[in-house]
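Numbering (the numbering used here), first residue to last: 275 to 386.
No residue lacks a Cβ here, since even glycine has one placed at the ideal position from N, Cα and C.
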Amino acid sequence: MMRCALVHDWLTGMRGGEKVLELLCEIFPDADLYTMVHVPGSVSRGIERHRIVTSWLNRLPFAGAAYRTLLPLMPAAAERMEVSNYDLVIATSHCVAHGVPLSPGTRKYWWR
């Protein structure tokens with residue numbers, strides 16, 4: 275069975291990128307979802323039902339409300355995300371999600 279991870283910059287509302295992510299969540303119902311910041315309840319149920327793994331930035335008390343102020347730290351957070359156990363990694367990003375480190379042989383697809 276192929277293990278798939280979806281990576282998205284942040285989950286703080288339903289805009290265009292999140293609608294693309296929602297479709298990918300339907301296509302890959304067992305995929306884990308990695309993101310820098312997640313505000314529970316801010317995205318669709320189709321996204322929320324996935325296992326969501328957040329970066330260390332999400333533990334900051336103001337992360338959900340002021341996530342844009344964290345942009346300078348997001349590349350470092352993405353580089354620390356652990357997605358090496360997946361066969362396929364799909365990143366939907368306009369910002370930092372493409373910076374997650376991959377293992378040799380991991381198939382990737384970057385969506386901008």
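- Proximity to Cys299 across Leu331, Phe336, Ser318 and Met348 peaks at Ser318, based on C-alpha coordinates.
- Between the alpha carbons of Arg381 and Leu362 lies a gap of roughly 5 Å.
- Every beta strand (DSSP E) stretch that sits fully inside the segment 332 to 373 and reaches 3 residues is listed by chain position as 362 to 366.
- Non-local beta-carbon contacts of Val294 in its own chain, meaning distances under 6 Å to residues more than five positions away in sequence, involve Thr366 in chain order.
- Going by C-alpha positions, Val357 is about 15 Å away from Pro349.
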